[in-house]
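Student: For the sequence shown, the working numbering begins at 1 and goes up steadily by one.
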Amino acid sequence: LTRSAGQVKNGDIDAKSKTINLKETNAERARKEYEEREKLVLGKLKENIEELIESNPALRQFKSQLLIDITSEGLRIQIVDEQNRPMFDTSSAELKAYTRTILHEIGKALNAVPNKLSLSGHTDAAQFSGGAKGFSNWELSANRANASRRELIAGGMDEHKVLRVVGLASTVLFDKNDPLSSINRRISIIVLNKRAEESLLQEDGKADAVEVGGQGIDPTTIAPPPRDNSRG
1 LTRSAGQVKN GDIDAKSKTI NLKETNAERA RKEYEEREKL VLGKLKENIE ELIESNPALR
61 QFKSQLLIDI TSEGLRIQIV DEQNRPMFDT SSAELKAYTR TILHEIGKAL NAVPNKLSLS
121 GHTDAAQFSG GAKGFSNWEL SANRANASRR ELIAGGMDEH KVLRVVGLAS TVLFDKNDPL
181 SSINRRISII VLNKRAEESL LQEDGKADAV EVGGQGIDPT TIAPPPRDNS RG
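(1) For Ala154, which option in Ala58, Leu59, Lys108, Leu75 has the closest C-alpha, if you only look at C-alpha atoms?
(2) What is the residue span of the alpha helix (DSSP H) that Gln233 lies within?
(3) For Gly167, which residues does DSSP report across the bridge?
(4) Would you grab the beta carbon distance between Leu95 and Ala147 for me? Rounded to a whole angstrom, and I think it's under 8 Å.
(5) Output the distance between the C-alpha atoms of Arg31 and Val162, rounded to the nearest integer angstrom.
(6) Could you compute how far the alpha carbon of Ser188 sits from the alpha carbon of Glu54?
(7) What do you get for Ala97, buried or exposed, if any count of 16 or more other CB atoms within 10 angstroms of its CB means buried?
(8) Thinking C-alpha only, which one of Pro179, Lys116, Phe128, Glu51 is nearest Arg164?
(9) Near Gln78, what residues of its chain come up, given a Cβ to Cβ distance below 6 Å and the 5 sequence neighbours on each side ignored?
(10) Can you give the beta carbon distance from Ser170 to Ala125, rounded, assuming they're within the 8 Å contact cut?
(11) Give the range of the alpha helix (DSSP H) segment to which Arg144 is assigned.
(12) Tell me which residues share the same chain as Ser234 and place their Cβ nearer than 6 Å to its Cβ, disregarding the 5 neighbours each side in the sequence.
(13) Quick check: the Cα distance between Thr99 and Gln61, rounded to an integer number of angstroms?
(14) Classify Glu38 as buried or exposed, calling it buried when 16 or more other Cβ atoms lie within 10 Å of its own Cβ.
(15) Please state if the CB of Ala112 and the CB of Asn193 are separated by a distance shorter than 8 Å.
(16) If you draw a straight line from the C-alpha of Tyr34 to the C-alpha of Leu40, how long is it?
(17) Have a look at Thr123 and Leu173 and give me their C-alpha separation to the nearest angstrom.
(18) If you draw a straight line from the alpha carbon of Leu75 to that of Leu168, how long is it in whole angstroms?
(19) Pick out whichever of Arg144, Ile70, Leu180 has its Cα sitting closest to the Cα of Gln83.
(20) Here's a check: name, in chain order, each residue in its chain whose Cβ is nearer than 6 Å to the Cβ of Val166, leaving out the five neighbours to either side.
(21) Among Ala196, Val191, Lys176, whose alpha-carbon lies nearest the alpha-carbon of Leu45?
(22) What residues in its chain sit with their C-beta under 8 Å from that of Ile70, if we drop five residues either side in the sequence?
(23) Whose C-alpha, out of Arg85, Ala93, Asp89, His160, is nearest the C-alpha of Ser118?
(24) Just the C-alpha distance for Glu73 and Gly134, rounded to the nearest angstrom, thanks.
Dropping the structure here:
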């Protein structure tokens, strides 16, 4: 028996559809596997930075001001102000000496993974006099984010890891119930997962296809921070 031309054509279309669906399924599976590996890597980095803070006396005293968590974008490290222990000089992008130390130590640790970074500066809601026309929280937060970027690099971080530096003023408050709270004044460092990185690149119109197949990242390759047995 022979098939009609219509039957052959429909059969070819069905076969092509199955092939396309199979490719999509394989791509989705590869993406999911990559993202699972990436979660493990970022989780391991989080543990290593927390261990670094605990083992380093220079960092341990600021433990309450170093907030580390996993978000939908990746690993977030927030360096926040306390009422009597700010990270910057008042109304300035000049970092305190201890803030430089914190950023130097964190910068070295971030080299353990290939992921790109996003840095954002945040202020409280207190306004500058004449800020509508002159220097404002927008400039201040951007300047602080850039100052932090420079110190991360000074500490040994690869400068090419930085994908975005942005000042957000008081638009993303940490404590929405108290816009003037010192905790709203902070620097946020996000170690971006691949999905977040692609999203940022697409916003800038620079996205290329990113392969997420066999070339994975291995959480076992992240070395723990060195211990300094000479210090507390």
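Cβ coordinates follow ideal geometry from the N, Cα and C atoms, glycine included.
Tutor: A quick look at the data gives this:
(1) Indexing the sequence shown from 1 puts residue 154 at position 154. Closest option to Ala154, Cα to Cα, is Lys108.
(2) An answer regarding residue 233 cannot be provided, because it is not within the stretch 1 to 232 covered by the chain.
(3) On the sequence shown, position 167 is the one that residue 167 refers to. Gly167 is bridged by DSSP to Gly121.
(4) Within the sequence shown, residue 95 is the residue found at index 95, counting from 1. Within the sequence shown, residue 147 is the residue found at index 147, counting from 1. Indeed they touch by this definition, with Cβ atoms about 6 Å apart.
(5) Position 31 of the sequence shown, counting from 1, holds the residue named residue 31. Position 162 of the sequence shown, counting from 1, holds the residue named residue 162. Rounded to the nearest angstrom, the two C-alpha atoms are 23 Å apart.
(6) One-based indexing of the sequence shown puts residue 188 at position 188. One-based indexing of the sequence shown puts residue 54 at position 54. Distance between the alpha carbons of Ser188 and Glu54 is about 20 Å.
(7) Reading the sequence shown from its first residue, position 97 is the one you call residue 97. In the assembly as shown, Ala97 is an exposed residue. Its beta-carbon has fewer than 16 other beta-carbons within 10 Å.
(8) The residue you call residue 164 lines up with position 164 of the sequence shown. Proximity to Arg164 across Pro179, Lys116, Phe128, Glu51 peaks at Lys116, based on C-alpha coordinates.
(9) Here residue 78 refers to the residue found at position 78 when the sequence shown is read from its first residue. Excluding residues within five positions, the ones whose Cβ falls inside 6 Å are Leu67, Arg186, Ser188.
(10) Indexing the sequence shown from 1 puts residue 170 at position 170. Indexing the sequence shown from 1 puts residue 125 at position 125. Indeed, because the Cβ distance is near 4 Å, the residues count as touching under 8 Å.
(11) Numbered from its first residue, the sequence shown carries residue 144 at position 144. 137–154 is the span of the alpha helix (DSSP H), which, as asked, contains Arg144.
(12) This structure cannot speak to residue 234, because the chain is shown only from 1 to 232.
(13) In the sequence shown, residue 99 corresponds to position 99, counting from 1. In the sequence shown, residue 61 corresponds to position 61, counting from 1. Straight-line Cα distance between these residues: approximately 12 Å.
(14) Stepping through the sequence shown from its first residue, residue 38 is reached at position 38. Flag for Glu38 reads buried.
(15) Working through the sequence shown from its first residue, we reach residue 193 at position 193. Working through the sequence shown from its first residue, we reach residue 112 at position 112. No. Outside cutoff.
(16) On the sequence shown, position 34 is the one that residue 34 refers to. On the sequence shown, position 40 is the one that residue 40 refers to. Straight-line Cα distance between these residues: approximately 10 Å.
(17) Within the sequence shown, numbered from 1, the residue matching residue 123 stands at position 123. Within the sequence shown, numbered from 1, the residue matching residue 173 stands at position 173. Straight-line spacing of the CA atoms in Thr123 and Leu173 works out to 8 Å.
(18) Reading the sequence shown from its first residue, position 75 is the one you call residue 75. Reading the sequence shown from its first residue, position 168 is the one you call residue 168. C-alpha of Leu75 to C-alpha of Leu168: approximately 19 Å in a straight line.
(19) Start at 1 with the first residue of the sequence shown, and residue 83 comes out as number 83. Measuring C-alpha to C-alpha distances from Gln83 to each of Arg144, Ile70, Leu180 identifies Leu180 as the nearest.
(20) Looking up residue 166 in the sequence shown gives position 166. The beta carbon of Val166 sits closer than 6 Å to the beta carbons of Ser120 from its chain, once the five residues preceding and following it are set aside; these are given in chain order.
(21) The residue labelled residue 45 in the question sits at position 45 within the sequence shown. Closest option to Leu45, judged by alpha-carbon separation, among Ala196, Val191, Lys176: Val191.
(22) Locating residue 70 in the sequence shown gives position 70, counting from the first residue. Lys39, Leu42, Gly43, Lys46, Arg76.
(23) As a working note, residue 118 is residue 118 in the sequence shown. The residue with the shortest Cα to Cα distance from Ser118 is His160.
(24) To locate residue 73, count along the sequence shown from 1; it is residue 73. To locate residue 134, count along the sequence shown from 1; it is residue 134. Going by the C-alpha atoms only, they are around 33 Å apart.
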